[in-house]
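Trainee: Before anything else, here's the structure in question.
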């Protein structure tokens, strides 16, 4: 099969926008609890649909009073917290457009986003975020940013006070002005040149996709369902689920401290989770290490094997009696404890951002937590395909959501079309021309990923056409930006940034045999020292570390290089690792140096315990 198209399940009126999803909840059941706000560890206070809507309107009025106009862009630079979603809806109610900024972004990254999006106001979580924004404005002499509001402190209360004279009627006019085709948010994602690209996502991309999604996942995300949001809301994946939860009337809690996640799950007791594969890996590894520490490692390993075998047999349609019995025993001895660590009520989890891996998918399915793996990008408003409990094929990323389609091009690239696909990049006409292709009168988005469709239309991701790396935590990293800065050092010949599907970003670095002797002389190191010995010399290692530290200053913490490995041999045209124009042949490097990459991550894991 080369194409799978799933028709829309419901008709969505053209005048609808994201704010209507909240209006529907507040009108239908104003006392329904939409959020659990954490006041202190383990203490949550409920916020109803009516209370949330009232505060959204109060803050929207404040924005209007402070001069925010319809269509203005307003930034949010904050960790995952209740106020993120509160302000997101307030911005939409004021008729403005939200521009997320990762809280770990560097001043240069912030400056680019503020300038390219034409941001007029920014919400910064804390004083340190405020300073980053101020530095970005100062460095680039940006004159368009008129307000910086701090989330922590009195600024939000002052904003509420400022809006008391703004009428409900004015907010209603602002709120209802946008329709499905109007831009709701501009989310910046890494580009191949290193400059983030602004994806202009519409109200329809979110609202219509949510309503279509609920037609097939309404028994997972519904009024009695709940979740704890802990991945960054600046990421389209979390943002989509946040809007989806409002549309469904589900209860949502927030936490930004992963160290407290297990405790927060225990007190909030969610029914479903949203996570990237790295989180599931940590849950599994933590359980294994705990069992080993208690002398029960072998029991856990047998339980894991049984869970995986049970899941595979269940998928095949028949579970042998002996396996059923073994599975039942381990359910009481092992699986129930894992459930308890996740709050005791989790039945489903949604995974995205990077490939999960079939083994992990089968393990969690086998212990009673069905992971619904999906596929998408910022440009597709997160999911374009997803597995559902009824249509589950572990190892794939599922079927297209209603109203969407995927197609496999002749070169294997995945193309996407439908209500989830964005209209285009901001200020990037050339990029838009390259990113879309017309086939039989239909406009398809080139995802840059390689995949295949099976006979039933399930999509499997097999590779990445672009060189953008995606870490296990789902962070997109543009390697070229870092590599260029590392190569700028006098004694560095080549650098290859790695980290696709890995827990962190790392690098392979080679030294320049032509410039190295002079540097060695200044350091008092014998110039005739063999390269194999030099790459283990602490003075050389310290110098390369300083080079990498400088390169890291230009990117966010999540994109920074945590470890590196010096290689004894340089990359050359003759070795097959460079093109005639001296560009790195990344696939060749990754193939020939696979052992070194594995050793790098293995040694790092061992060093960190």
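Residue numbers (the working numbering): -1 to 607.
C-beta: ideal position from N, C-alpha, C; glycine also.
#1: Within its chain, find whatever has a CB closer than 6 angstroms to the CB of residue 343; leave out the 5 residues flanking it on each side and keep chain order.
#2: Kindly list the residues whose CB is nearer than 8 angstroms to the CB of residue 137, restricted to its own chain and excluding five residues on each side of it in sequence; keep chain order.
#3: Measuring alpha carbon to alpha carbon, tell me which residue in 307, 426, 443 and 302 is nearest residue 334.
#4: If you run the structure through DSSP and keep just helix, strand and coil, what is residue 161?
#5: One question on the structure: do residue 445 and residue 414 come within less than 8 angstroms of each other, judged by their Cβ atoms?
#6: Please classify residue 557 as buried or exposed, where buried requires at least 16 neighbouring CB atoms within 10 angstroms.
#7: Where residue 236 and residue 272 are concerned, what is the direct C-alpha to C-alpha distance, given to the nearest angstrom?
#8: Between residue 185 and residue 234, how many whole angstroms is the CB-CB distance? I'm expecting something under 8 angstroms.
#9: Let's see if you can read the secondary structure: which residues bound the beta strand (DSSP E) around residue 630?
#10: When we look at the beta-carbon of residue 454 and count the other beta-carbons within 10 Å, is it buried (16 or more) or exposed?
#11: If you scan the stretch 41 to 94 from start to end, which runs of the beta strand (DSSP E) of 3 or more residues do you find wholly inside it?
#12: Please state the DSSP three-state secondary structure of residue 379.
#13: Look at the Cβ atom of residue 256, then the Cβ atom of residue 228, and state whether they are nearer than 8 angstroms.
#14: May I ask which residues mark the beginning and end of the beta strand (DSSP E) holding residue 146?
#15: For the 8 angstroms Cβ check, are there 3 or more pairs between the stretch 174 to 184 and the stretch 196 to 213?
#16: Only counting the same chain, and skipping five residues up and downstream in sequence, which positions put a Cβ closer than 7 angstroms to that of residue 167?
#17: Using the Cα positions of residue 619 and residue 163, report the straight-line distance between them to the nearest angstrom.
#18: Rounding to the nearest angstrom, what Cα-Cα distance links residue 579 and residue 523 in this structure?
#19: Using DSSP bridges, identify the partner residues of residue 252.
#20: Over what stretch of residues does the alpha helix (DSSP H) that includes residue 567 continue unbroken?
#21: Roughly how many angstroms lie between the CA atoms of residue 190 and residue 467, to the nearest whole one?
#22: Tell me whether residue 437 is buried or exposed, calling it buried when 16 or more other Cβ atoms sit within 10 Å of its Cβ.
#23: Rounded to whole angstroms, what's the CA-CA distance from residue 141 to residue 113? Just pull it up for me.
#24: Using the beta-carbon count (16 or more within 10 Å), is residue 508 buried or exposed?
#25: In angstroms with no decimal places, state the Cα-to-Cα distance between residue 9 and residue 371.
#26: Considering only residues of the same chain and omitting the five flanking positions on each side of residue 456, which have a CB-CB separation below 7 angstroms?
#27: Are residue 210 and residue 417 closer than 8 angstroms when you measure CB to CB?
#28: Give every residue of the same chain whose Cβ lies closer than 7 angstroms to the Cβ of residue 428, excluding the five residues on either side of it in the sequence, and list them in chain order.
#29: Based on Cα-Cα distance, which residue from 570, 216 and 593 lies nearest to residue 583?
#30: Would DSSP call residue 203 helix, strand or coil?
#31: Give the DSSP-derived three-state secondary structure of residue 473 in the structure shown.
#32: From residue 221 to residue 365, what distance separates their C-alpha atoms?
#33: Within the same chain, show all residues whose beta-carbon is closer than 6 angstroms to that of residue 328, passing over the 5 residues directly before and after it, in chain order.
#34: Just the Cα atoms here: how many angstroms apart are residue 264 and residue 340?
#35: By the three-class DSSP mapping on this structure, what secondary structure does residue 502 have?
#36: Rounded to a whole number of angstroms, what is the C-alpha to C-alpha distance between residue 515 and residue 602?
Mentor: Result, derived from the coordinates:
#1: Within its own chain, the residues whose Cβ lies closer than 6 angstroms to the Cβ of residue 343, once the five positions on either side in sequence are excluded, are 267 and 269, listed in chain order.
#2: 105, 106 and 109.
#3: Of the candidates 307, 426, 443 and 302, the one whose C-alpha sits nearest the C-alpha of residue 334 is 302.
#4: In the three-state scheme derived from DSSP, where H, G and I count as helix and E and B as strand, residue 161 is classed as coil.
#5: Yes, the pair counts as a contact, with Cβ atoms nearer than the cut-off.
#6: Burial call: buried.
#7: Taken atom to atom, the span from the alpha-carbon of residue 236 to that of residue 272 is near 7 angstroms.
#8: Residue 185 to residue 234, Cβ: 5 angstroms. Contact.
#9: Since the first and last residues shown for the chain are -1 and 607, residue 630 lies out of range.
#10: Per the 10 Å Cβ criterion, exposed.
#11: Here the runs fully enclosed are 41 to 46 and 71 to 75.
#12: Coil at residue 379, not helix or strand.
#13: Yes, these two residues count as a Cβ contact at 8 angstroms.
#14: Looking at the DSSP string, the run of the beta strand (DSSP E) that includes residue 146 is 145 to 148.
#15: Yes, they touch.
#16: Closer than 7 angstroms at Cβ, skipping near neighbours: no residue.
#17: This structure does not reach residue 619, given that the chain is present from -1 up to 607, and the question cannot be answered.
#18: Caution applies to residue 579, whose pLDDT of 42 falls short of 50 and renders its modelled position unreliable; the model cannot decide the point.
#19: 227.
#20: Segment: none, residue 567 is in no alpha helix (DSSP H) and carries neither H nor E.
#21: With a pLDDT of only 35 at residue 190, under 50, the local geometry of the prediction cannot be trusted, and no value is derived from it.
#22: Taking every protein chain shown into account, the CB of residue 437 has fewer than 16 other CB atoms within 10 angstroms, so this residue is exposed.
#23: Going by C-alpha positions, residue 141 is about 9 angstroms away from residue 113.
#24: By the 10 Å Cβ count, residue 508 comes out buried.
#25: Spanning the two alpha carbons is a distance of roughly 26 angstroms.
#26: Closer than 7 angstroms at Cβ, skipping near neighbours: 391, 394, 396 and 397.
#27: Residue 210 places its beta carbon less than 8 angstroms from that of residue 417.
#28: The answer is none, since no qualifying residue turns up.
#29: For the residues 570, 216 and 593, the minimum Cα distance to residue 583 belongs to 570.
#30: In the structure shown, residue 203 sits in a helix (DSSP, three-state: H, G or I).
#31: In this structure, residue 473 counts as coil in the three-state DSSP scheme.
#32: Rounded to whole angstroms, residue 221 to residue 365 spans 25 angstroms at the Cα level.
#33: Excluding sequence neighbours, residue 328 sits near 301 and 304.
#34: Those two C-alpha atoms are separated by around 6 angstroms.
#35: Coil.
#36: Cα to Cα, the separation comes out at about 30 angstroms.
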